[in-house]
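Undergrad: For the sequence shown, the residue numbers in this note's numbering are 6 to 66. Note that beta-carbon positions come from the ideal geometry of N, C-alpha and C, so glycine has one too. Bear in mind that the values here come from a model prediction, so they are computed numbers and not experimental data.
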Amino acid sequence: MAAKKKTSTAKSARGRKQDRARVAGGQDYEVRYEAKKSGRSASAVKKVGNSRKKVERKLAR
6 MAAKKKTSTA
16 KSARGRKQDR
26 ARVAGGQDYE
36 VRYEAKKSGR
46 SASAVKKVGN
56 SRKKVERKLA
66 R
């Protein structure tokens, strides 16, 4: 009888939450999305950093 393998959703859910909190500077689509959302340039988004909260706060109109 094989033992059932437990999968932890908390680990993957935490990873997703942390991923959403960041803007991946190397991912053009994420930078373009934040730039379009804030009405600023992609270079301005990259200059602020990768924290989504910081980007939204610094580039807010």
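(1) Just how far apart, CA to CA, sit V5 and E61?
(2) Count the other C-beta atoms from every protein chain shown that fall within 10 angstroms of the C-beta of A40, then say buried if there are 16 or more, exposed otherwise.
(3) Could you check how far apart the C-beta atoms of V36 and R57 are, in whole angstroms? I think they sit under 8 Å.
(4) Using CA coordinates, which residue listed in N55, L64, S48 is at the minimum distance from Q23?
(5) Per DSSP, which residues does R27 bridge with? Please list them.
TA: The answer reads as follows:
(1) Absent from the model: residue 5. The displayed extent of the chain is 6 to 66, so no value can be given.
(2) The residue in question, A40, is buried, as its Cβ has 16 or more Cβ neighbours within 10 Å.
(3) A Cβ-Cβ distance of about 12 Å is found for the pair V36 and R57, leaving them out of contact under the 8 Å criterion.
(4) The candidate whose alpha carbon is nearest that of Q23 is N55.
(5) Looking at the DSSP output, R27 bridges to S56.
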